[in-house]
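Only one structure is covered here, and it is reproduced in the block below.
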Amino acid sequence: MSLPSEVDIAIIGAGAAGLGAAHALKDSPLSVIVLEARDRVGGRGYTIMAAPDVIFDIGCGWLHSADKNSFVKIAEQLNFEIDKSHPPWREQTFGDVFPQKERAEFIEALEAFHDRAEEAAKSGRDSAASLYLDPGNRWNPMIDAISTYVNGSELDSVSIIDTYAYEDTEINWRVRRGYGALMAAYGARGPLALNTQVTLIDHSGKRVRIETSQGALTARKVIVTVPTNLIADQTIRFHPALPVKVDAAAGLPLGLADKVMLALDEPQESKGALPKDGNLRGATMRSAMGTYHLRPFGQPCIEGFFGGRFALALEDAGDGALAAQAIDEIVGFLGNDFRRKLKPLAESRWAHDPFARGSYSHALPGHAGKRAVLAAPVDGRLFFAGEATSPNFFSTAHGARDSGERAAKEVLAASVKS
Ligand SMILES: Cc1cc2nc3c(=O)[nH]c(=O)nc-3n(C[C@H](O)[C@H](O)[C@H](O)COP(=O)(O)OP(=O)(O)OC[C@H]3O[C@@H](n4cnc5c(N)ncnc54)[C@H](O)[C@@H]3O)c2cc1C
266 MSLPSEVDIA
276 IIGAGAAGLG
286 AAHALKDSPL
296 SVIVLEARDR
306 VGGRGYTIMA
316 APDVIFDIGC
326 GWLHSADKNS
336 FVKIAEQLNF
346 EIDKSHPPWR
356 EQTFGDVFPQ
366 KERAEFIEAL
376 EAFHDRAEEA
386 AKSGRDSAAS
396 LYLDPGNRWN
406 PMIDAISTYV
416 NGSELDSVSI
426 IDTYAYEDTE
436 INWRVRRGYG
446 ALMAAYGARG
456 PLALNTQVTL
466 IDHSGKRVRI
476 ETSQGALTAR
486 KVIVTVPTNL
496 IADQTIRFHP
506 ALPVKVDAAA
516 GLPLGLADKV
526 MLALDEPQES
536 KGALPKDGNL
546 RGATMRSAMG
556 TYHLRPFGQP
566 CIEGFFGGRF
576 ALALEDAGDG
586 ALAAQAIDEI
596 VGFLGNDFRR
606 KLKPLAESRW
616 AHDPFARGSY
626 SHALPGHAGK
636 RAVLAAPVDG
646 RLFFAGEATS
656 PNFFSTAHGA
666 RDSGERAAKE
676 VLAASVKS
């Protein structure tokens, strides 16, 4: 679409937050446009068909805290089937890869670590989560690996106050056709300009002037939903500059989680075949390792997950490095026969994605308060949403969506006054 020269409200970004904001404004008398740099909606929610029989959520996949997750109702309304079976994260399909006794020891060490860190967080003094590891404990590297999956980052750069502010109800469901597909179906429900990258938000004049790769327009109010790394790097700029927002975003960097999908050439009925929704993870003394979801939904595939510095090193090694690592690890666990059964289908590169530059936000130690700073409106005209602004569901898709709705309500309240 060609851009209008002026609108009441411009929403920047058509990820979960931007879509949530657009829905909340769709019945208002205000003119709204969503400006999106990519050629699709969904942002970090993106489902592809990795093969004709393999649905792959390259970004978000789980409806976390599903009993409080606003996408559950949306999925029901849009007739997207929800799978409510338990996630296999704490299970282990192959006992000899990670024996039961060792697993019990690991879980005990993990829980003791969480108890110490959570207790410390209650004191109100912030610090790095790594300080609460038991020095010399053999399971520390693996506890750190779990942090790279959950936070996208090692424990030395994770704030304890922030991490325990997350509201985990421990109910996690999935969308059978894909979380990204659900977001695409939810859509913007109004004017949407794709392939439109915003470069400058000039709020020096009476109206806000927005410069984009498709030309400029003006708006009365703007909702900014782009990932924190892009605000911190000033890929998207403000005039006059907003150093408080840049600083807040820098305190909430996106960590890294990457996924790889491998085709599995092994009939499910064959003797000793890998089970549906199984879990595979080695007991290693390294944090540099993947974790594997076997035959998700019974599909003929294995999904691998890598996080933190290891994921970044694999991305930096170039296309195919995640798949090669995953195949080597799986073959190491299950035997050489598996090498010929596995074929790379697709892998993510979120750190190298110019419109994300990472996967999900965590607060650096000492920066837990920055989520509220980032979320605060400026001058009744600039409003901020996105997963990083959520006080309790940060790093998630529903936290992002709800933050968009919150920002839209702030816009409406400010519009009544102005
Ligand atoms: C590998 C991975 C696994 C994940 N797993 C889960 C999970 O299981 N469950 C869960 O709930 N969450 C998960 N997440 C996190 C979840 O995907 C995000 O928190 C959520 O999608 C973020 O939504 P958002 O709207 O805040 O940001 P985004 O989705 O990043 O949306 C921002 C939008 O802004 C656009 N944009 C950027 N710059 C510009 C610009 N200059 N001009 C115009 N547009 C711009 C981007 O293209 C993007 O579409 C995962 C993420 C990843 C990467």
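Here the sequence shown stands for residues 266 to 683, numbered as in this note's numbering. Glycine is no exception: its CB is placed at the ideal position from the N, C-alpha and C atoms.
Beta carbon of residue i: closer than 8 Å to some heavy atom of ligand 1?
{"i": "Leu-527", "result": "no"}
{"i": "Tyr-557", "result": "no"}
{"i": "Phe-345", "result": "no"}
{"i": "Arg-303", "result": "yes"}
{"i": "Leu-315", "result": "Here residue 315 is Ala; the residue named in the question, Leu, does not match the sequence. No, Cβ of Ala-315 sits at least 8 Å from all heavy atoms of ligand 1."}
{"i": "Lys-524", "result": "yes"}
{"i": "His-617", "result": "no"}
{"i": "His-663", "result": "yes"}
{"i": "Thr-413", "result": "no"}
{"i": "Ser-624", "result": "yes"}
{"i": "Lys-428", "result": "Checking the sequence, you will find Thr at residue 428 rather than Lys. Answer for Thr-428: no, Cβ out of range of ligand 1."}
{"i": "Gly-634", "result": "no"}
{"i": "Glu-432", "result": "no"}
{"i": "Cys-727", "result": "Lying before the first or after the last residue shown, residue 727 is absent from the chain, which here runs from 266 to 683."}
{"i": "Ile-298", "result": "no"}
{"i": "Gly-573", "result": "no"}
{"i": "Tyr-444", "result": "yes"}
{"i": "Gln-590", "result": "no"}
{"i": "Ser-613", "result": "yes"}
{"i": "Leu-290", "result": "no"}
{"i": "His-504", "result": "no"}
{"i": "Pro-492", "result": "yes"}
{"i": "Thr-464", "result": "yes"}
{"i": "Val-487", "result": "no"}
{"i": "Glu-568", "result": "no"}
{"i": "Leu-517", "result": "no"}
{"i": "Glu-668", "result": "One detail in the question is off: residue 668 reads as Ser in this sequence, not Glu. Yes - ligand 1 has a heavy atom lying nearer than 8 Å to the Cβ of Ser-668."}
{"i": "Gly-310", "result": "yes"}
{"i": "Glu-476", "result": "no"}
{"i": "Gly-651", "result": "yes"}
{"i": "His-627", "result": "no"}
{"i": "Ile-277", "result": "yes"}
{"i": "Val-306", "result": "yes"}
{"i": "Val-328", "result": "The displayed chain sequence assigns Leu, not Val, to residue 328. Leu-328 Cβ: within cutoff of ligand 1."}
{"i": "Ser-469", "result": "no"}
Out of the options, which has the shortest C-alpha to C-alpha gap to residue i?
{"i": "Gly-317", "options": "Arg-442, Asp-361 and Ile-592", "result": "Residue identity check: residue 317 is Pro in the sequence provided, not Gly. Of Arg-442, Asp-361 and Ile-592, the residue nearest in Cα terms is Arg-442."}
{"i": "Leu-559", "options": "Asp-304, Val-423 and Gln-533", "result": "Gln-533"}
{"i": "Ala-621", "options": "Val-491, Ile-475, Asp-391 and Arg-390", "result": "Val-491"}
{"i": "Val-463", "options": "Leu-495, Pro-352 and Asn-437", "result": "Leu-495"}
{"i": "Ala-611", "options": "Leu-527, Gly-283, Trp-438 and Gln-590", "result": "Leu-527"}
{"i": "Pro-561", "options": "Ala-275, Gly-308, Ala-279 and His-351", "result": "His-351"}
{"i": "Ala-515", "options": "Leu-587, Glu-419 and Leu-629", "result": "Leu-629"}
{"i": "Ile-756", "options": "Glu-271, Gly-555 and Lys-471", "result": "The structure shown does not extend to residue 756, since the chain is modelled only from 266 to 683, so the question has no answer here."}
{"i": "Phe-603", "options": "Val-525, Ile-567, Ala-586 and Ser-680", "result": "Ile-567"}
{"i": "Val-306", "options": "Asp-361, Ile-475 and Ala-449", "result": "Ala-449"}
{"i": "Leu-529", "options": "Ile-466, Ala-665, Ser-624 and Ala-315", "result": "Ala-315"}
Going by the CB atoms, is the gap between residue j and residue i shorter than 9 Å?
{"i": "Gly-645", "j": "Lys-387", "result": "no"}
{"i": "Ala-633", "j": "Asp-427", "result": "yes"}
{"i": "Tyr-431", "j": "Phe-570", "result": "no"}
{"i": "Ser-660", "j": "Ser-613", "result": "no"}
{"i": "Asp-380", "j": "Leu-398", "result": "no"}
{"i": "Ala-616", "j": "Glu-580", "result": "yes"}
{"i": "Gly-310", "j": "Gly-520", "result": "no"}
{"i": "Gly-283", "j": "Ile-277", "result": "yes"}
{"i": "Ile-425", "j": "Glu-383", "result": "yes"}
{"i": "Val-297", "j": "Ala-287", "result": "yes"}
{"i": "Leu-268", "j": "Val-489", "result": "no"}
{"i": "Ile-274", "j": "Ala-484", "result": "yes"}
{"i": "Ala-279", "j": "Leu-447", "result": "no"}
{"i": "Ile-323", "j": "Lys-541", "result": "no"}
{"i": "Asn-437", "j": "Leu-328", "result": "yes"}
{"i": "Tyr-451", "j": "Leu-343", "result": "yes"}
Within 10 Å of its beta-carbon, does residue i have 16 or more other beta-carbons around it, so buried, or fewer, so exposed?
{"i": "Glu-341", "result": "exposed"}
{"i": "Val-319", "result": "buried"}
{"i": "Asp-304", "result": "exposed"}
{"i": "Ile-339", "result": "buried"}
{"i": "Ala-481", "result": "exposed"}
{"i": "Arg-546", "result": "buried"}
{"i": "Lys-366", "result": "exposed"}
{"i": "Pro-353", "result": "buried"}
{"i": "Gly-572", "result": "buried"}
{"i": "Val-423", "result": "buried"}
{"i": "Glu-652", "result": "buried"}
{"i": "His-504", "result": "exposed"}
Is residue i near ligand 3, in the sense that its beta carbon is under 8 Å from a heavy atom of that ligand?
{"i": "Val-511", "result": "Of the ligands this structure carries, namely ligand 1, none is ligand 3."}
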